[in-house]
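Worksheet: the structure to be examined is printed underneath.
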C-alpha cells in the first residue's frame, strides 16, 4: 500500500492526531517537558490510528492512507505491516517514522504495540463478553498496554509501577464502557459481561432498546463499583518513588474518576444525552493535580 508523507513534519502530524481527537490524554500531556510530550504524541497517534483503523466508517480514521483500504480488517492488516516496517527500521508512514525516532531513545517493548492491535482486532470478531475475565483481557489490550507505553515515556524506577499502569488502564476502559453503553448498543455491541447481566436480571433487549430499568441501574452500579476498585488498586500499587513521574497519569485518573462520578450522579442514564466533562473542568482538574504535586515535593 502506498503511504505518501503529508507536507507536515512527522511530529506535527502526531500532534495534530492527538489534538483533533479531543482526548482526555491531551490534558495530561500539558505538564510534561517538551521532549516527553512530543514522544507521547507519537505513542498516542499510533494508538488513535490503530483504534480508528477498525471503525466501520473509513472517514472516521484520522489518516487518509490507512482509511482508504476497503474494510476494517484490511486497514488493520495494513497498519500491522506499518508496525513491522517501523521495528525493521524502515518506517514509511509519518506517524511510524516519528515513533521510530522515539524508540531510539525510549525502548518501548514491541509486545505492547502488538497487544494493542490484538485488542482492537477483538472489536472485529466479538460483540459480547461472557465473563469479566474476558472483558478484563480486552481492557488490558486496549488500555492497560497504553498505560505501560506511557510510563516508559514518563520514566519509572520500580517494577510495581507497571501494575499501577495496568490497573489504571483497566479502570479507564471500564469507565469508557459505562459512558458509551448507549453508543455501543446502537452498533449491536454489549461490553458488559453476560454473567453480570444474568446476575442482575438485565436482558440484552433492555440495553439494545435503551431501557433504564431497575435491573440495568443495578448492573451499572455494580460495574461502576468495579471500576472504582481498579482505581483504588492502581493507587495502592504506585510506589512512592515513582509518584512524582506519574503526575500525567494522576491527572488522567482525576479526570476519569470525575467522569465516573458524573455517570453515577446521572443515576446511570447514559442514554438521554452525552456524558462528558467540559474543557474548563478538565483543565481545572489538571491544574489541581499539578498544584498538589508541587506542594508535595516542596
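In my numbering, the protein residues as written are 492 to 789. Yeah, the Cβ is synthetic: ideal placement off N, Cα and C, and Gly gets one too. Please read all numbers here as calculations on a predicted model, not as lab measurements.
Beta-carbon within less than 6 Å of residue 614's beta-carbon, same chain only, minus the 5 sequence neighbours each way: which residues are those?
The answer, listed in chain order, is 545.
With H, G and I counted as helix, E and B as strand and the rest as coil, what does DSSP make of residue 855?
The requested residue 855 is not part of the displayed model; the chain covers only 492 to 789.
Would you please state the rounded distance, in angstroms, between the beta carbons of residue 682 and residue 620? I believe it to be under 8 Å.
Confirmed, about 6 Å.
So residue 768 and residue 749 are supposed to be a Cβ contact under 8 Å. How far apart are they, rounded?
Confirmed, about 6 Å.
Where residue 810 falls: helix, strand or coil (DSSP)
Residue 810 lies beyond the range of the chain shown here (492 to 789); nothing can be said about it.
Tell me the residue span of the alpha helix (DSSP H) that contains residue 584.
Residue 584 -> no alpha helix (DSSP H), and no H or E assigned at all.
Tell me whether residue 494 sits in a helix, a strand or coil according to DSSP, three-state version.
In this predicted model, residue 494 has a pLDDT of only 34, less than 50, meaning its place in the structure is not dependable; the value taken from the coordinates is given anyway. Here residue 494 sits in coil by DSSP.
May I ask you to report which of helix, strand or coil DSSP gives residue 515?
Looking at residue 515 - three-state DSSP - the assignment turns out to be coil, as it is neither helix nor strand.
Kindly indicate which three-state DSSP category residue 693 falls into: helix, strand or coil?
For residue 693, the three-state secondary structure derived from DSSP is coil.
Between the stretch 714-732 and the stretch 651-667, do at least 3 Cβ pairs fall closer than 8 Å?
Taking a cut-off of 8 Å for Cβ pairs, the stretch 714-732 and the stretch 651-667 touch, as three or more such pairs fall below it.
Residue 626 and residue 533: beta carbons closer than 8 Å?
Not closer than 8 Å, so no.
From residue 628 to residue 522, what distance separates their C-alpha atoms?
Residue 628 and residue 522 have their alpha carbons spaced roughly 30 Å apart.
Do you know offhand how far residue 580's Cα is from residue 595's?
Cα-Cα distance, rounded: 10 Å.
With a floor of 3 residues, list each beta strand (DSSP E) that falls wholly inside the stretch 692-748, ordered by position along the chain.
Within the stretch 692-748, no complete beta strand (DSSP E) run reaches 3 residues.
Using a Cβ distance threshold of 8 Å, determine whether the stretch 637-647 contacts the stretch 672-681, with at least three qualifying pairs required.
The stretch 637-647 makes no contact with the stretch 672-681: fewer than 3 CB pairs, one atom from each, lie closer than 8 Å.
Could you please give the first and the last residue of the uninterrupted alpha helix (DSSP H) stretch that includes residue 540?
Its alpha helix (DSSP H) spans residues 525-544.
Kindly indicate which residue of 577, 702, 735 and 689 has the alpha-carbon position closest to the one of residue 713.
If you compare the alpha carbons of 577, 702, 735 and 689 with that of residue 713, the shortest gap goes to 689.
First through last residue of the alpha helix (DSSP H) which encompasses residue 768
Neither: residue 768 is in no alpha helix (DSSP H) and is coded neither H nor E.
Figure out for me which residue from 571, 574, 640 and 515 has the closest Cα to the Cα of residue 531.
For the residues 571, 574, 640 and 515, the minimum Cα distance to residue 531 belongs to 640.
Cβ pair residue 586, residue 607 closer than 8 Å:
Contact: no.
Just to confirm before moving on: does the CB-CB distance between residue 758 and residue 708 stay below 8 Å?
Yes, the pair counts as a contact, with Cβ atoms nearer than the cut-off.
Among the candidates 699, 715, 665 and 744, whose CA atom is the shortest distance from the CA of residue 680?
Minimum Cα-Cα distance from residue 680 among the listed residues 699, 715, 665 and 744 corresponds to 699.
If I'm right that residue 685 touches residue 630 with Cβ under 8 Å, what's the distance once you round it to whole angstroms?
In this structure residue 685 is not in contact with residue 630, their Cβ atoms being roughly 16 Å apart against a cut-off of 8 Å.
Does any residue of chain B bring its CB to less than 8 Å from the CB of residue 618?
Annotation note: the requested chain B is absent from the structure, which comprises a single protein chain.
Terminal residues of the continuous alpha helix (DSSP H) containing residue 644?
Residues 636-645.
How close, in whole Å, do the beta carbons of residue 742 and residue 710 come, if the pair is a contact with beta carbons under 8 Å?
Not quite, the Cβ-Cβ distance comes to about 30 Å (not below 8 Å), so this is no contact.
What do you reckon, are the CB atoms on residue 572 and residue 609 nearer than 8 Å?
Residue 609 sits away from residue 572, with the two beta carbons spaced by 8 Å or more.
Does the distance from the C-beta atom of residue 652 to that of residue 730 stay below 8 Å?
Pairing residue 652 with residue 730 gives a Cβ-Cβ distance under 8 Å.
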